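Those protein sequences? They're chains A and B, same order as listed.
Under numbering that gives the first Met the number 0, the residues of the first sequence are numbered 0 to 129, in order.
Under numbering that gives the first Met the number 0, the residues of the second sequence are numbered 0 to 129, in order.
Using N, Cα and C, we set each Cβ at its ideal position, and we do this for glycine too.
All figures in this text were calculated on a predicted structure; none of them were measured in a lab.
See structure below.
There are 2 protein chains.
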Amino acid sequence: MKIGEAALTSGVSAKMIRHYEEIGLLPPNLRRANSYRDYGTSEVHELRFIRRARDLGFGLADIGKLLDLWRNKARHSFDVKALARAHAAELNAKISEMEAMRDTLVLLANACNGDNRPDCPIINDLASKT
Amino acid sequence: MKIGEAALTSGVSAKMIRHYEEIGLLPPNLRRANSYRDYGTSEVHELRFIRRARDLGFGLADIGKLLDLWRNKARHSFDVKALARAHAAELNAKISEMEAMRDTLVLLANACNGDNRPDCPIINDLASKT
DNA sequence: TTTCAACTTTAAAATTATGGGATAGTTGGT
DNA sequence: ACCAACTATCCCATAATTTTAAAGTTGAAA
């Protein structure tokens with residue numbers, strides 16, 4: 000199938016498929032005589048793998064490692080688990096950071112009248128912090 | 000004072016000060032005869048304002064609006080509050096998304112033996128989702 | 001058969017916010 | 001006068017994706 004159909008059935012846009020190939024995440028695709036890329040079920044399967052990993056927030060570097068582990072029948076599940084745990088830890092760190100931001104914002108917003116007068120604790124906070 | 004001192008006392012790097020000026024977040028700075036930028040206490044105050052807003056996760060577009068509101072003595076606190084609430088809502092959306100990712104990852108990782116055998120629920124999940 | 005819409009190709013650039021480097025000019029103290 | 005430390009501008013890099021543009025290909029209708 001051509002790239003458009005592979006994109007539709009895998010959920011990875013044609014742009015991204017070409018991009019992943021360009022950066023080496025996917026092996027260079029064999030071309031038909033007309034220079035169009037040609038995809039089969041196994042390539043679509045790989046694309047789905049990538050999309051799922053992306054949906055879980057993995058960066059492309061990690062996705063490359065996961066693809067290698069997937070292809071490697073002699074892999075150790077230890078290595079996969081380590082990647083997943085490390086990524087979960089990263090997510091937790093970012094979540095904590097954003098929660099702190101949100102909590103501060105909610106506090107400030109709750110203290111703000113939200114009327115047509117200029118006085119505002121939010122602006123005061125932004126203006127006063129050293 | 001010169002840009003280096005303004006950077007130190009405001010917590011915004013010299014690179015970023017120049018960048019903010021270039022993209023119009025800050026008004027073009029008057030230059031001394033030697034073409035060096037010159038900053039006073041009010042500029043440093045503005046830089047601190049920007050840094051605090053950045054620490055709260057506001058994007059530069061929002062920071063521009065907040066700066067306008069700060070400068071505008073006839074502002075309505077309603078407008079400030081709306082920006083803060085909108086940003087808090089964005090944070091909440093991202094937090095929820097990342098929590099869902101993390102929870103899935105933790106579930107999968109807990110189900111994984113993490114030994115030297117290849118069998119792995121994490122890989123299976125990535126490979127099987129449509 | 002011509003033609004036209006819908007595809008594909010490559011390449012380049014925008015996005016967001018920041019950091020890094022190169023090169024050149026300026027300052028200030030010794 | 002000299003030299004380290006500063007400043008100036010300009011370009012590049014990051015991460016992942018979208019956008020744009022220009023050019024070639026296909027398939028089917030008119």
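What does the Cβ neighbour count give for residue i, buried or exposed, with the cut at 16 atoms within 10 Å?
i, result
"Ile121 (chain B)", "buried"
"Lys14 (chain A)", "exposed"
"Lys80 (chain A)", "buried"
"Arg50 (chain A)", "buried"
"Arg42 (chain A)", "Contrary to the premise, residue 42 (chain A) reads as Glu rather than Arg in this sequence. Looking at its Cβ environment, which holds 16 or more other Cβ atoms inside 10 Å, Glu42 (chain A) is buried."
"Tyr29 (chain B)", "The displayed chain sequence assigns Leu, not Tyr, to residue 29 (chain B). By the neighbour-count rule (16 or more Cβ atoms within 10 Å), Leu29 (chain B) is not buried but exposed."
"Ser76 (chain B)", "buried"
"Ala87 (chain B)", "buried"
"Ser34 (chain A)", "exposed"
Taking 7 Å as the cut-off, decide whether the C-beta atoms of residue i and residue j are in contact.
i, j, result
"Ala52 (chain A)", "Leu125 (chain B)", "yes"
"Gly56 (chain B)", "Met100 (chain A)", "yes"
"Ala108 (chain A)", "Arg36 (chain B)", "no"
"Ile94 (chain B)", "Met97 (chain A)", "yes"
"Arg70 (chain A)", "Pro117 (chain B)", "no"
"Asp102 (chain A)", "Leu82 (chain A)", "no"
"Asp78 (chain B)", "Leu68 (chain B)", "yes"
Which residues in the same chain as residue i place their Cβ atom closer than 7 Å to its Cβ, once the five residues preceding and following it in sequence are excluded?
i, result
"Ile16 (chain B)", "Ile2, Ala5, Ala6 and Leu46"
"Lys64 (chain A)", "Leu82"
"Thr8 (chain A)", "Val43"
"Thr40 (chain B)", "none"
Can you tell me where the alpha helix (DSSP H) with residue i in it begins and where it stops?
i, result
"Asn109 (chain A)", "Ser76 to Asn109"
"Phe57 (chain B)", "Looking at the DSSP string, Phe57 (chain B) is not in any alpha helix (DSSP H), and its letter there is neither H nor E."
"Met15 (chain A)", "Ala13 to Glu21"
"Ala32 (chain A)", "Element bounds for Ala32 (chain A): n/a, residue is neither H nor E."
"Leu25 (chain B)", "Neither: Leu25 (chain B) is in no alpha helix (DSSP H) and is coded neither H nor E."
May I ask you to report which of helix, strand or coil DSSP gives residue i?
i, result
"Arg116 (chain B)", "coil"
"Lys64 (chain B)", "helix"
"Ala73 (chain B)", "coil"
"Gly3 (chain B)", "helix"
"Asp37 (chain A)", "coil"
"Thr129 (chain B)", "coil"
In its own chain, which residues sit with a C-beta less than 6 Å from the C-beta of residue i, not counting the 5 before and 5 after it?
i, result
"Leu25 (chain A)", "Tyr19"
"Tyr38 (chain B)", "Met0 and Ala5"
"Ala110 (chain A)", "Pro120"
Excluding sequence positions up to five away, which residues of its chain have a Cβ less than 8 Å from the Cβ of residue i?
i, result
"Ser12 (chain A)", "Ala6"
"Gly10 (chain A)", "Leu46, Arg47 and Arg50"
"Pro27 (chain B)", "Glu20"
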